[in-house]
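All remarks here apply to the structure that follows.
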Amino acid sequence: MTATDIVPDSERRGFIAALPRPLRPFASLMRLDRPIGTWLLYWPCAWSVALAGVGGRWDLFLWLALGAFAMRSAGCVYNDIVDRELDRQVERTRLRPLASGRVSLGSAWALIALLSLLGLLVLLQLKWVAAAVALASVAPVAAYPFMKRITWWPQAWLGLVFSWGALVGWPAVTGSLGWTPFLLWFGSIAWVVGYDTLYAIQDKEDDALVGVKSSARRLGDEAPLGTGVCYAVAVLLWAAAIWGVRRDWIAVAALAPAAVHLASQVARADPNDGELALKLFRSNRTCGLFVFLAMLVVGLSAR
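Throughout, our numbering is defined as the position within the sequence shown, counted from one, plus 385.
Below is the structure:
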């Protein structure tokens, strides 16, 4: 196998291609060419701060964005460490730096350590309750890569960890937890299960070959319907969180743009079209923005 054979196209163009050659595999390992994961991890954090009314801590939006970047990057590296043998057997992932041998295991762990230090810097900017809640996410994050070997619903575990920011943002502003951030968290979990089911559609055949489980494989042709149910639950729980802050139907109506966007995804989804499913998955960055604007308007107007 030649050097060209083991270098993915994503390292030959765009941002990663502009980096010095020795850094490119590490940038690829962190998925710097695919920022969608950072956005999806960040939005629940931002929603929670916004719905809490910000409390004058506008800097939290930037600190939590940095934290989302660091933790998503570290999570990608850790996931590739755990999955490196499986990745070698899947066409879409066989060129990942660890699977192809372009990055050593020791270097990958060192990168995780550096990213964790960046995450620690973010923790130091938070109130102690928020910092403690953030630290509690380490165990479920560490368990995530193993879920697809255990359950047909690894997307539910991903939802649990990818939505954790909803439990961090609120106490970062208020100094305490309550039902509202938990409703936001549960709603985000349902949202993640929905969009990650769409994402998993593109890997159904490869997953079946290597024995990896997913909600897309479990639901089969009913994957769009399952996604729709998850999205409906998400909107209802987000509405309940808003109601806990401002008991006004006009406030709840602020979620209408997000609800329409999610409904459009479900209407267009095809369980046998992986390329379309990936586009719909990525569009959740826009959905997250719609939810953020709703939470910000309600949070600021309720204070």
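Glycine included, each C-beta is placed from N, C-alpha and C at the ideal position.
Enclosing alpha helix (DSSP H) for residue i [first to last residue]
| i | result |
| --- | --- |
| Met532 | Val523 to Met532 |
| Glu476 | It is not in any alpha helix (DSSP H) - Glu476 carries neither H nor E in the DSSP assignment. |
| Ala617 | Ala608 to Val630 |
| Arg653 | Ala641 to Arg653 |
| Asn347 | Because the chain here runs from 386 to 688, residue 347 falls outside it and cannot be looked at. |
| Trp570 | Trp564 to Ile586 |
| Leu505 | Leu490 to Leu508 |
| Asn409 | Before going further, note that residue 409 is Arg rather than Asn in the sequence given. From DSSP, the alpha helix (DSSP H) with Arg409 extends over Arg409 to Leu414. |
| Leu520 | Trp513 to Leu520 |
Within 7 angstroms, strictly: CB atoms of residue i and residue j
| i | j | result |
| --- | --- | --- |
| Gly613 | Val578 | no |
| Val630 | Arg442 | no |
| Val514 | Gly554 | no |
| Val488 | Leu414 | yes |
| Leu583 | Phe666 | yes |
| Arg670 | Ile421 | yes |
| Leu508 | Ala498 | no |
| Val683 | Ala636 | yes |
| Ala644 | Val620 | yes |
| Ala493 | Leu505 | no |
| Leu503 | Gly572 | no |
| Tyr529 | Trp538 | no |
| Gln587 | Gly659 | yes |
| Ala617 | Pro656 | no |
DSSP state of residue i mapped onto helix, strand, coil
| i | result |
| --- | --- |
| Lys664 | helix |
| Thr389 | Residue confidence for Thr389 is low, a pLDDT of 43 falling below 50, so the modelled location carries little weight and cannot support an answer. |
| Pro420 | coil |
| Val546 | helix |
| Asn464 | helix |
| Arg442 | coil |
| Ala638 | helix |
| Pro656 | coil |
| Ala437 | coil |
| Leu483 | coil |
| Ile401 | helix |
| Ser600 | helix |
| Thr559 | helix |
| Trp538 | coil |
Environment of residue i [buried if 16+ CB atoms lie within 10 Å]
| i | result |
| --- | --- |
| Asp606 | exposed |
| Val518 | buried |
| Thr478 | buried |
| Leu445 | buried |
| Leu447 | exposed |
| Lys664 | exposed |
| Pro556 | buried |
| Pro405 | exposed |
| Phe531 | exposed |
| Ala388 | With a pLDDT of 43 at Ala388, under the threshold of 50, the modelled position of that residue is not reliable, and the figure given next carries that caveat. So Ala388 ends up on the exposed side. |
| Ala495 | exposed |
| Arg534 | exposed |
| Ser685 | It should be noted that the sequence gives Leu, not Ser, for residue 685. Leu685 is exposed by the Cβ-count criterion. |
| Ala575 | buried |
| Phe400 | exposed |
| Ala437 | buried |
| Arg490 | The residue you asked about is not Arg; residue 490 is Leu in the sequence shown. With fewer than 16 other Cβ atoms within 10 Å, it is exposed. |
Three-pair Cβ contact test at 8 angstroms for the region 546-556 versus the region 513-522: yes
Given 8 angstroms, three or more beta-carbon pairs between the region 454-473 and the region 638-658: no
The region 424-431 contacting the region 466-483, beta-carbon criterion three pairs below 8 angstroms: no
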